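J.:
Residue numbers (the working numbering): 120 to 194.
Structure, rendered in structure tokens:
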């Protein structure tokens, strides 16, 4: 675990979940203040994937009509 330190703020704990892939450790998930990055993306894309399917969601991401991450809400 790590702490993110910003001037004038309390340290924020950051946890990394790692997996060994072919002898190399890879970061699988990052958890900040109890929020999982993987779970956030999973929640964001669950409904669009069920409604449109993977091909359409991938096309929407490429075209910019859907955004991944904090700015996007999966719609």
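Just so it is clear, CB atoms sit at the ideal spot from N, CA and C, and this is done for glycine as well. Given the structure is predicted, the values throughout are model-derived calculations rather than measurements.
Report buried or exposed for residue 192, applying the criterion of at least 16 other Cβ atoms within 10 angstroms of its Cβ.
T.: With a pLDDT of 47 at residue 192, under the threshold of 50, the modelled position of this residue cannot be trusted; read the value that follows with caution. Exposed, because fewer than 16 other Cβ atoms sit within 10 Å of the Cβ of residue 192.
J.: Enumerate in chain order the residues of its own chain whose CB-to-CB distance from residue 180 is below 7 Å, with the five nearest sequence positions on each side excluded.
T.: Only 187 meet the Cβ criterion.
J.: Residue 134: which of 153, 125, 144 sits nearest, CA to CA?
T.: Out of 153, 125, 144, 153 has the C-alpha closest to the C-alpha of residue 134.
J.: Which stretch, first to last residue, makes up the alpha helix (DSSP H) that contains residue 176?
T.: First-last of the alpha helix (DSSP H) with residue 176: 173–182.
J.: How would you label residue 163, buried or exposed, when you count the other beta carbons within 10 angstroms and need 16 or more for buried?
T.: When all chains shown are included, residue 163 counts as buried.
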